[in-house]
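Okay, so the sequence shown: first residue is 1 according to my numbering, each after it adds one.
Working notes for the structure below.
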Amino acid sequence: GMAAVVVVLMVFTLLVGEPVTQREKLQSEAEQRHKEVVGSKLVAWFTVTVVEPFLDFFNRNGVRVAITLLLFVFLFKIGEAFLGRMSIAFYKDIGFSNEQIGYYSKLIGWGATIFFTLVGSMFNVKFGIVRGLMIGGIAMSASNLMFAWIASVGPNEHLYLATIIVDNFTTAFSTVAFVSFLTLLTGQAFSATQYALLASLGNFGRTTLASFSGELVDYLNDWSTFFILTAVMVIPSLIMLYSLRHYFTDLLEKARHKH
């Protein structure tokens, strides 16, 4: 599913021309300034490549907003990651066959992800990134509850199909909004580096915390409770997003004036 989202977004990236910026000029000037101070080209390069993007992010946003943004990026897809790591184990444990899992989760799921990525892209263009994130987060949380429903009723094939379609819709929708959101947060001079750092922070949250999903399932010994918890995990990040709604209104307004 996620691979399909990435492929579609890569196609969009190739079709859309890169905006004209002074990024290379700004980075070159910053590197020259640091070289004059420290006297080392390597140290100057490291400072401009790693340290400056962090300082720029905090300077543009302020410490409180910057920390809140970083926490949001870290936590937004935690629940989805917990569910994703255990989904195949759940399908097998609940009684679905390998053929059913392959057909619904892989084949139908992959096609649904591509379609809903396109839908999510159009929605975010029309209604805005922040609204898309809020709706995507709520939908992502609600879709996790459908897995709890399967856990309570058993291997119902129609419910399984509906769950796969809804889950792939919310995954694609929220991922498109999340990628657009990360792009919005980057500054002109360090856009590539800041995007890479923010994306890495999001991936780090999913890979580190979600690695305990198996232990959590064993501890709870109940699939329904596990999926309900994954639905709740998105709530802190949505509260953070809502608390910054006025900040994003101002940020988007400034971006419009630039163009």
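From the three backbone atoms N, C-alpha and C, an ideal C-beta is built for every residue, glycine too.
Cα-Cα, which of the options is closest to residue i?
{"i": "phenylalanine 90", "options": "Ala148, Ala142, Val43 and Ala199", "result": "Ala148"}
{"i": "glycine 132", "options": "Ile164, Phe178 and Phe116", "result": "Phe178"}
{"i": "valine 166", "options": "Ile88, Ile138, Thr183 and Ser152", "result": "Ile138"}
{"i": "leucine 97", "options": "Gly109, Phe76, Tyr160 and Thr117", "result": "As written in the sequence, residue 97 is serine, which differs from the leucine given in the question. Serine 97 has its Cα closest to that of Tyr160, out of Gly109, Phe76, Tyr160 and Thr117."}
{"i": "leucine 75", "options": "Gly202, Phe227 and Met134", "result": "Gly202"}
{"i": "leucine 229", "options": "Met240, Ile239, Leu238 and Ser213", "result": "Ser213"}
{"i": "valine 73", "options": "Pro236, Pro53 and Phe190", "result": "Pro236"}
{"i": "aspartate 93", "options": "Val65, Phe46 and Asp222", "result": "Asp222"}
Within 9 angstroms (strictly less), CB to CB, does residue i reach chain B?
{"i": "glycine 187", "result": "Annotation note: the requested chain B is absent from the structure, which comprises a single protein chain."}
Quick one: using the 10 Å Cβ neighbour count with 16 as the cut-off for buried, is residue i buried or exposed?
{"i": "valine 232", "result": "exposed"}
{"i": "phenylalanine 248", "result": "buried"}
{"i": "serine 261", "result": "With the chain covering only 1 through 259, there is no way to say anything about residue 261."}
{"i": "aspartate 56", "result": "buried"}
{"i": "methionine 122", "result": "exposed"}
{"i": "glycine 136", "result": "buried"}
{"i": "asparagine 61", "result": "buried"}
{"i": "leucine 182", "result": "buried"}
{"i": "leucine 107", "result": "exposed"}
{"i": "valine 119", "result": "exposed"}
{"i": "glutamate 99", "result": "exposed"}
{"i": "valine 51", "result": "exposed"}
{"i": "serine 180", "result": "buried"}
{"i": "threonine 175", "result": "buried"}
{"i": "threonine 207", "result": "exposed"}
{"i": "serine 211", "result": "exposed"}
{"i": "glutamate 215", "result": "exposed"}
{"i": "glutamate 253", "result": "exposed"}
Compute the distance between the beta-carbons of residue i and residue j, then report whether it is under 9 angstroms.
{"i": "threonine 49", "j": "threonine 193", "result": "yes"}
{"i": "threonine 163", "j": "serine 143", "result": "yes"}
{"i": "valine 234", "j": "glutamate 80", "result": "yes"}
{"i": "glycine 187", "j": "isoleucine 78", "result": "no"}
{"i": "serine 152", "j": "serine 224", "result": "yes"}
{"i": "leucine 198", "j": "leucine 185", "result": "yes"}
{"i": "methionine 240", "j": "leucine 42", "result": "no"}
{"i": "phenylalanine 227", "j": "proline 53", "result": "no"}
{"i": "methionine 134", "j": "leucine 220", "result": "no"}
Can you confirm whether the region 94–108 touches the region 122–132 when touching is taken to mean that 3 or more C-beta pairs between the two stretches lie within less than 8 angstroms? Short answer: they don't touch.
Flag this pair as touching only if the region 148–166 and the region 73–85 have three or more C-beta atom pairs under 8 angstroms; answer yes or no. No contact exists between the region 148–166 and the region 73–85.
Decide if the region 242–250 is in contact with the region 154–165; the criterion is three or more beta carbon pairs, one per stretch, under 8 angstroms apart. No contact exists between the region 242–250 and the region 154–165.
Do three or more CB pairs link the region 165–178 to the region 113–120 at distances below 8 angstroms? The answer is yes - the region 113–120 touches the region 165–178, with three or more Cβ pairs under 8 angstroms.
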